[in-house]
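Input: a single structure, listed below in C-alpha cells.
Chains as they are written, first to last, in my numbering: chain A, 4 to 459; chain B, 4 to 459.
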C-alpha cells in the first residue's frame, strides 16, 4: 500500500522532516522486532509530544491507515510488526522522566524511557519500579506496559498491572484521555488503566504513565537449591510459596537446561534433576531470618544441595547457570520458539512431565526454565533444521492444549502479539473474546490500531 | 412500573417460588442500602447458580427491565438502590467457598460469601484475603469486588483490584464468560477482571471469583503517635511511606475527630492536634526491627507521644479512639455525609487545611479521619438540622473541587454509586467518560444493568 499524498503531507506537518521517514532503510529498521518476523511499514514517525499522537490518529483514521506503536521492539511475539503496513510510531525520542515523587511513591514518565534508565534514576531516592524484564537495559516502559511485561521480581512485587497508577493515552478514536489516579487507591469509575496495560497497542497509544514505586530493600541474598528431580523442585516451590516470606525471585531450571548450560558454561553450573535460584530481599537485621524461613521451605524430599551465596562473586557464580542458558540455546537453534506459558504452581510437575512427553512425541529438543514462583515457565523449542521446525510447530498446539488442561494460560508476560493469536480461542471462551472485541470497537472503531494482533 | 406477566412467569420458572418475590415487605427490605436512599424494586430474586443469571439477563433484556446486583447492601453510595425499579438480584444465598488452594495461593468463592467468613475459613491455612472493609463481618465478597472496597490494610496489601486473579460473570448481553487466570501472572488479552472490579454492577453480574491469597504474618504490633498539628502528622505519614517497611495500617485522625471521640469514649482517647494509628506486621524475629524502622520515621518535628502497645489489652485501648468515632458521629448527626476522597499523601496537609476553611465558610461541622497511608480520608459532614443539611450539600461541590485541585479523586474505596455520580465530570475528562460509556455499551447494550449509577 502507498500512503495518500495528503496523509504524507500531514505527517510532515505534524512531525517535521527530521522525525518522519519513508526511506527504505528506515522502514526496514522498523519492520521487525525480537520475534524475527517482519513486514515493511509505509512510514516511520518519531513522536515527542502527546498532541502529535492525537493529530496522527485523527489523520490515519480519516484514511483508514494502520498505526503501530513501538517502544524498542524487544517483544518476542511480533506485537510491533506492521503486518498490514501503515505507520510505525516509535516512542524512542519521547523519553523524559517527568517527575520522581518519593513522598507519594510515584514517578511520571514518557513511554520511551528505558526500564534500566528509570531504575538508575530511582535508585538515589531509595525506590525501584518492580517490573524488570531481563531486557531491562534496552526495553522501554511503554513496551512493558503494552505487553504487561514482568520479570523475576513479579513473584513478590507484581506485574505492570499492579505497579501503575494512571496513564495518559490517545484512543483509536483520536481522543486523548487520562485514566487512573496519582494515588495508590481509587474507586472512581472503570479501570481503564489496567485495560490498556497488556492491550499491545490495540486500544490506545500510551503517551504518559504514572508508575507506583516500591522502596528498595537494602539487602539481597541469593540461594541455589538442586533437586533429584523436577517433581521435588516443584514441590519445594509450592512449600516456599505457602509460607509468609515471599522471595523476590524464584527461578526454575530443568535438567535439560542445566545440562546445556553446563556444556557451555562450565563446571560452575551444577548437574542435577532440577535447580531453583532463589533471591530473598529485606533489611540487614531481618534478612538472615528471611533466608532461614525460605531455606527451611526449600528443604525437603529430593533436595540435593542448598547453597547460600556469601559474597557478590558467589552470587554471580550462582547465577551463571541461568545466564549461560540463552547463549547456549542460540548455538543449538537460531530459530528457537520461546513460549512463556503459566500454570498454577501446584501443576508445575505435570506441566514439565507433559513437556517431556511432547518432546519425545514430536522429536524436538525442549528446554524449560523460568519464573516458578508464578508458575510461569519459559519453554523453548529448539529446532535445528527445517524438518524439526515443522515438527516444533505441530508440537505447539499440543503444548498449549496441555497448558489449558492444567488451568493455565498462553502467556505470563510476553503477551500474544502475532504469534500466539491463533491459539487465543484455546485459552478464552467465545463469549470472553466477543466482549474483548466489543471493548476494541469502543476504543478503536475503525480498527486502525495495531491490526492483526492479540485478538483472533 | 409493573413487570410484564410473562417475565414474572419466567422469574418463577428460573428461581422457584421460594427464591422470587414481589411482596411489598420483601421489596421494601431490598429498596435501600447503607446510603439510606431508597427506591422500590419490582421484584427480588435470590440467585444460587450462574445459569440462573444467564437466563435472568436474557429475559430482562427482552423486556428492557433493570437488574440490580446486590451483596449485603453495606455500600454507602446508593450503588444497590433500584432507582429505576426492576429486579434486585440478591446473592446472599450464593455463598459457598468453592475451593481453598494454599499451594496456589488462591480461593474460589461465590459472590455471596461474607468477607469475615472467608477470612475465618482461610485462617487455619495461614492465609488471608487483604481487602477488609470495616464492615467485613457483614459485607460480601461480591460487594467488595463491585465497589473495589478496600480498608486499612490496603496501604500494604492493595485493594480488590490487586488481589483478584479471575472472575466468572454474566454481561448485560446475557452471555456468561470467564476472565483472568488461576495464576498470579497473565498476559493473555485484555484485563476484563479489573474492568469489572469497581464497576458497581453496571457491566456484568459476578457469579464466581478467584481470589489471590496472602500468607498471614504471625505477628502484629500497634503504635499510636500523637502530633502537635495536622501538618506534623501528615509529614510523618510521608516519612513512613518513604522508607522500606510499609505498615499494614496507617490511620489518621484529626483534632476535631479526637475531641469528639474523647467526649464520647473517655480519657483513654488522647487529645492532640492529630493522631496516627499505625500497625506493623511480620514474623516474630523481624517484627521488632520493623517496629523500630516505622517508629524512627514516625518521630520528627511535632511528635508529642509515641506509644507501642505491649499487650492485646493495650492494643484495644489504642484503637478505642478510632472505634469511638462512628457512634460519636451518629449522636451528632443521624444524616452524616460520609465521603472517602483520596489525594497524594504529600497533599494531605493542604486537604485538611482546605477542609477546615470549607467547614468555616459553610458553617458545617466536618470530622476527618481515615487511611492516611493511601491519602484516603473519610471526610464526614455532620449536619444537625435541615438548614445545615442544605449548607452541607453546598459545601460538597467546593470540597470535591478542592480534592481535584490537589490531584486527588472522588473516591478511594466507597465508589460512586448514586450519590457521587453528578461529580464524575469534575474528576474525569469528557473523553475518559466517553470511553467508559463505550465500554458500558459493549457489555450492556440495552443499559439494563444497574441504571442510574456510576456514569453521569
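By construction, the Cβ of each residue, glycine as well, lies at the ideal position given by its N, Cα and C atoms.
Item                                                                                                                                                      : Value
Extent of the continuous beta strand (DSSP E) run through residue 230 of chain A                                                                          : 222-230
Beta-carbon spacing of residue 218 of chain A, residue 220 of chain B below 7 angstroms                                                                   : no
Whether residue 182 of chain B touches residue 170 of chain B by CB criterion (7 angstroms)                                                               : yes
Run of the alpha helix (DSSP H) containing residue 147 of chain B, from where it starts to where it stops                                                 : 144-150
Interface flag, residue 108 of chain A vs chain B, CB-CB below 7 angstroms                                                                                : yes
Cutoff 7 angstroms: residue 452 of chain B Cβ touching any chain A Cβ                                                                                     : no
Helix, strand or coil at residue 240 of chain A [DSSP, three-state]                                                                                       : helix
Distance CB(residue 10 of chain A)-CB(residue 66 of chain A) smaller than 7 angstroms                                                                     : yes
Alpha helix (DSSP H) runs wholly inside the segment 346-428 of chain B, at least 4 long, in chain order                                                   : 351-365, 389-408
Endpoints, the alpha helix (DSSP H) within which residue 27 of chain A is located                                                                         : 27-32
Extent of the continuous alpha helix (DSSP H) to which residue 182 of chain B belongs                                                                     : Here residue 182 of chain B belongs to no alpha helix (DSSP H); instead the beta strand (DSSP E) covers 179-183.
Listed by chain order, chain B residues near residue 23 of chain A by CB distance under 8 angstroms                                                       : What residue 23 of chain A touches in chain B: nothing, since even the nearest Cβ is about 26 angstroms away.
Element boundaries [beta strand (DSSP E), containing residue 49 of chain B]                                                                               : 46-49
Collapsed DSSP secondary structure at residue 94 of chain A in the structure displayed                                                                    : coil
Check whether residue 117 of chain B and residue 143 of chain B have beta carbons under 7 angstroms apart                                                 : yes
Status (buried if at least 16 other CB within 10 Å, exposed otherwise) for residue 8 of chain B                                                           : exposed
Near-chain A residues of the segment 170-199 of chain B (beta-carbon distance less than 7 angstroms), N- to C-terminal order                              : 174, 178, 179, 180, 181, 182, 184, 185, 186, 187, 188, 189, 190, 191, 192, 193, 194, 195, 197, 198
Nearest-angstrom Cα separation, counted from residue 349 of chain B out to residue 374 of chain B                                                         : 14 angstroms
Residue 320 of chain A, DSSP secondary structure in three states                                                                                          : helix
Contacts around residue 368 of chain B, its chain only, beta-carbon distance under 6 angstroms, and the 5 residues preceding and following it disregarded : 385
Proximal chain B residues relative to residue 379 of chain A, where beta-carbon distance stays under 7 angstroms                                          : 188
Contact list for the segment 240-260 of chain A against chain B, Cβ threshold 8 angstroms                                                                 : 241, 244, 245, 246, 247, 248, 249
Cβ of residue 37 of chain A within 7 angstroms of any chain B Cβ                                                                                          : no
Neighbour flag for residue 57 of chain A against chain B, beta carbons, 7 angstroms                                                                       : no
Contact list for residue 42 of chain B against chain A, beta-carbon separation under 7 angstroms                                                          : Per Cβ cutoff of 7 angstroms: no residues; residue 42 of chain B is ~22 angstroms from chain A at best.
Cα-Cα separation, residue 340 of chain B to residue 371 of chain B                                                                                        : 12 angstroms
beta-carbon residue 93 of chain B near the ligand ATP non-hydrogen atom, thresh 6 angstroms                                                               : In terms of ligand content, the structure shown is empty, and the ligand ATP therefore cannot be addressed.
Rounded Cβ spacing between residue 254 of chain B and residue 279 of chain B (contact assumed at less than 8 angstroms)                                   : 7 angstroms
Test: residue 280 of chain A CB closer than 7 angstroms to a CB of chain B                                                                                : no
Residue 340 of chain B - containing alpha helix (DSSP H), residue span                                                                                    : Segment 340-342 is the beta strand (DSSP E) holding residue 340 of chain B; no alpha helix (DSSP H) there.
Proximal residues to residue 245 of chain A (C-beta, below 8 angstroms), its chain only, five neighbours per side dropped                                 : 300
Own chain residues within Cβ distance below 7 angstroms of residue 15 of chain A, not counting five before or after                                       : 23
Cross-strand partners of residue 73 of chain A (DSSP beta bridge)                                                                                         : A/93
is_contact[residue 430 of chain A, chain B] using C-beta, thresh 7 angstroms                                                                              : yes
Residues that residue 286 of chain B contacts on chain A, provided the C-beta gap is smaller than 9 angstroms                                             : 247, 248, 289, 292, 293, 296
Distance, residue 241 of chain B Cα to residue 70 of chain B Cα                                                                                           : 43 angstroms
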